[in-house]
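Step one of this worksheet: look at the structure below.
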Amino acid sequence: MARLFGTDGIRGIANDFLTPQFAMQLGQAAALVFTKGNDHKPTIMVGCDTRISSDMLASALMAGICSVGANAVYLGVIPTPAVAYLTRKYKVEAGIVISASHNTMEFNGVKIFDGDGFKLSDDLEDEIERIIQQGMKEIKMPVGASIGKIKYRTEAREEYINHAIQKVHSDLSGMKIVVDCAEGSSYYTSVEALKELGAEVVAIHTNPSGTNINANCGSTHMEELQARVVAENAHIGLAFDGDADRMLAVDENGDILNGDQILAIVGMYMKEQGILKNDTIVATVMSNLGFFKMCEKHGVIAEQTKVGDRYVLERMREIGAALGGEQSGHVIFLNENTTGDGLVSALHLLRVIVATGKSLSELSKVMEVLPQALINANVPNHRKDNYMDYPEISEAITNLERKYAGDGRILIRPSGTEPLVRVMIEGKDKDIIKADAIALAELIQNTMI
Numbered sequence: 025m026a027r028l029f030g031t032d033g034i035r036g037i038a039n040d041f042l043t044p045q046f047a048m049q050l051g052q053a054a055a056l057v058f059t060k061g062n063d064h065k066p067t068i069m070v071g072c073d074t075r076i077s078s079d080m081l082a083s084a085l086m087a088g089i090c091s092v093g094a095n096a097v098y099l100g101v102i103p104t105p106a107v108a109y110l111t112r113k114y115k116v117e118a119g120i121v122i123s124a125s126h127n128t129m130e131f132n133g134v135k136i137f138d139g140d141g142f143k144l145s146d147d148l149e150d151e152i153e154r155i156i157q158q159g160m161k162e163i164k165m166p167v168g169a170s171i172g173k174i175k176y177r178t179e180a181r182e183e184y185i186n187h188a189i190q191k192v193h194s195d196l197s198g199m200k201i202v203v204d205c206a207e208g209s210s211y212y213t214s215v216e217a218l219k220e221l222g223a224e225v226v227a228i229h230t231n232p233s234g235t236n237i238n239a240n241c242g243s244t245h246m247e248e249l250q251a252r253v254v255a256e257n258a259h260i261g262l263a264f265d266g267d268a269d270r271m272l273a274v275d276e277n278g279d280i281l282n283g284d285q286i287l288a289i290v291g292m293y294m295k296e297q298g299i300l301k302n303d304t305i306v307a308t309v310m311s312n313l314g315f316f317k318m319c320e321k322h323g324v325i326a327e328q329t330k331v332g333d334r335y336v337l338e339r340m341r342e343i344g345a346a347l348g349g350e351q352s353g354h355v356i357f358l359n360e361n362t363t364g365d366g367l368v369s370a371l372h373l374l375r376v377i378v379a380t381g382k383s384l385s386e387l388s389k390v391m392e393v394l395p396q397a398l399i400n401a402n403v404p405n406h407r408k409d410n411y412m413d414y415p416e417i418s419e420a421i422t423n424l425e426r427k428y429a430g431d432g433r434i435l436i437r438p439s440g441t442e443p444l445v446r447v448m449i450e451g452k453d454k455d456i457i458k459a460d461a462i463a464l465a466e467l468i469q470n471t472m473i
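Numbered as in the working numbering, the sequence shown ends at 473 without a single skipped number.
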């Protein structure tokens, strides 16, 4: 059986791979793991995003938790980073989020945080998997008073809002902000937080139906936000994904800023203020070459990890860094939260705008973004890690590495969550790098089918 946990929890099509039966087993197995060594009933917090299957899966998961004698606290629709924060604040044993993040509505997923609000270690994920794959033989079903209970705490989202605005407070009076909530978990929290700080908020995609999450909106579809920022003569646009653990921005001219640029703006401001811990930012191998050149110029240490916010966080904790992130908009401010947090990222970016008095387009000049082409090759999921085993593919990659040596770079990597091999090329001429990336992706796809 293939490994259940990917780089961002468990993910699949709801009611197909991710069934209520499986969710219940997952709740039982997770509760059992967090029960070991406890002399009391463990408590697990559960939150979800707005997709239609989330209620079904959350209910089944909590039934599983209670069936083995643990308690559940249901937070309702709430951002992923809020679950991480509340899990840590209330010192419960774990937090679980039912969400498929930026994926379309038919998908769903399960992310698990430990009692400190961090994503589970590989060892704990392996332990949960082992219990499920061995047929749930270790599960014992208590009766009577030993069965767990569910407590409902949907108002806890207010505590998350208060935490964010207290940690990263700015007076946003006079600032006009367009916010795209992706019909997802941030439809309430982000809007309320910005209003409380005094901003004039134009909120779009804040009417989740259960089937419209991420549909032509949010951080994966920013065209409408770009146009709306210009039409409203707004200072900035903010785009969240379905579970609000990442954020991308649009400047006053309607141009998109990705996670690298947000890291650069906030990181350089923190460096100037003397508050960038160890003068270090952790990024990924997919971060733009211009980001690393900027860090070198300003005396900032830029650490690189594999793609995935869990790897960024692991490295941050290893070396004592407090700022890290990736191009997709997962930015981690470890002094404020233990995972990527779209709202906290937005508040940090807004604080720089307020403190400097500069527009976002001016601030974005802190780094030069080199042209970057990213093309996906569709391949069988079970073979995506073995693309270098094919001589024609390895030879083509070697030839491109020689071609771009000194003037760019080639990065090939399998997706952590999808049946894809991603081809990324950076260089000076966007037309040439795009043509080369398309040709290599087509070669990989046609060779590995």
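Glycine included, each C-beta is placed from N, C-alpha and C at the ideal position.
These figures come from a predicted structure and were not determined experimentally.
Where residue i sits in the DSSP three-state scheme
i, result
"Arg-407", "helix"
"Met-310", "coil"
"Ile-102", "coil"
"Glu-425", "helix"
"Thr-304", "strand"
"Glu-342", "helix"
"Glu-416", "helix"
"Asp-138", "strand"
"Gly-349", "strand"
"Leu-81", "helix"
"Gln-396", "strand"
"Gln-158", "coil"
"Thr-329", "strand"
"Tyr-114", "coil"
"Ile-457", "helix"
"Ile-76", "coil"
"Ile-34", "strand"
"Met-472", "helix"
"Gly-266", "coil"
Reference residue i; option with closest CA among the options
i, options, result
"Ala-480", "Asn-410, Ser-385 and Pro-443", "Since the first residue of the chain shown is 25 and the last is 473, residue 480 is not available in this structure."
"Gly-332", "Val-306, Pro-103 and Lys-321", "Val-306"
"Pro-181", "Glu-216, Lys-191, Glu-149 and Ser-311", "Looking at the sequence shown, residue 181 is not Pro but Arg. Of the listed residues, the one whose Cα sits closest to Arg-181 is Glu-216."
"Leu-394", "Lys-382, Ile-417, Lys-191 and Ser-311", "Ser-311"
"Gly-100", "Lys-173, Arg-426 and Glu-179", "Glu-179"
"Gly-242", "Leu-424, Lys-219, Ser-352 and Ile-120", "Ser-352"
"Gly-51", "Ile-155, Tyr-211, Asn-132 and Ser-214", "Ile-155"
"Ala-82", "Leu-221, Lys-113, Leu-56 and Gln-45", "Gln-45"
"Asn-405", "Glu-247, Pro-443 and Ala-429", "Pro-443"
"Asn-236", "Tyr-212, Ile-462 and Asp-73", "Asp-73"
"Thr-362", "Arg-112, Ala-94 and Ile-377", "Arg-112"
"Glu-416", "Met-391, Ala-463, Lys-454 and Ile-174", "Ala-463"
"Met-160", "Glu-247, Ser-91 and Ala-345", "Ser-91"
Environment of residue i [buried if 16+ CB atoms lie within 10 Å]
i, result
"Asp-40", "exposed"
"Asn-277", "exposed"
"Ile-473", "exposed"
"His-187", "buried"
"Ser-145", "exposed"
"Glu-450", "buried"
"Gly-298", "exposed"
"Thr-380", "exposed"
"Lys-143", "buried"
"Asn-240", "exposed"
"Arg-75", "buried"
"Gly-198", "exposed"
"Tyr-176", "exposed"
"Lys-135", "buried"
"Glu-360", "buried"
"Arg-27", "exposed"
"Val-167", "exposed"
Beta-carbon spacing of residue i, residue j below 8 Å
i, j, result
"Met-292", "His-322", "yes"
"Asp-303", "Lys-295", "yes"
"Thr-441", "Thr-31", "yes"
"Gly-172", "Lys-65", "yes"
"Glu-149", "Phe-58", "no"
"Phe-315", "Leu-281", "no"
"Met-533", "Val-116", "The structure shown does not extend to residue 533, since the chain is modelled only from 25 to 473, so the question has no answer here."
"Asp-275", "Ile-289", "no"
"Phe-264", "Gly-349", "no"
"Lys-458", "Ala-420", "no"
"Leu-371", "Val-192", "yes"
"Asn-238", "Ala-268", "no"
"Leu-110", "Glu-183", "yes"
"Ile-185", "Thr-230", "no"
"Arg-446", "Arg-437", "yes"
"Arg-252", "Val-226", "yes"
Residue i CB to nearest heavy atom of the ligand GTP below 7 Å
i, result
"Pro-443", "With respect to the ligand GTP, the structure shown offers nothing to examine, as it has no ligands at all."
CB contact below 8 Å: residue i versus chain C
i, result
"Gly-51", "The question asks about chain C, but that chain is absent: this structure has only one protein chain."
Open item on the list: At 3 residues or longer, what runs of the beta strand (DSSP E) sit wholly inside the region 44-73?
Closed with: 67-72
TODO: Report the residue ranges of all alpha helix (DSSP H) runs contained in full by the region 184-256; include only those spanning at least 4 residues, in chain order.
DONE: 210-220 and 247-256
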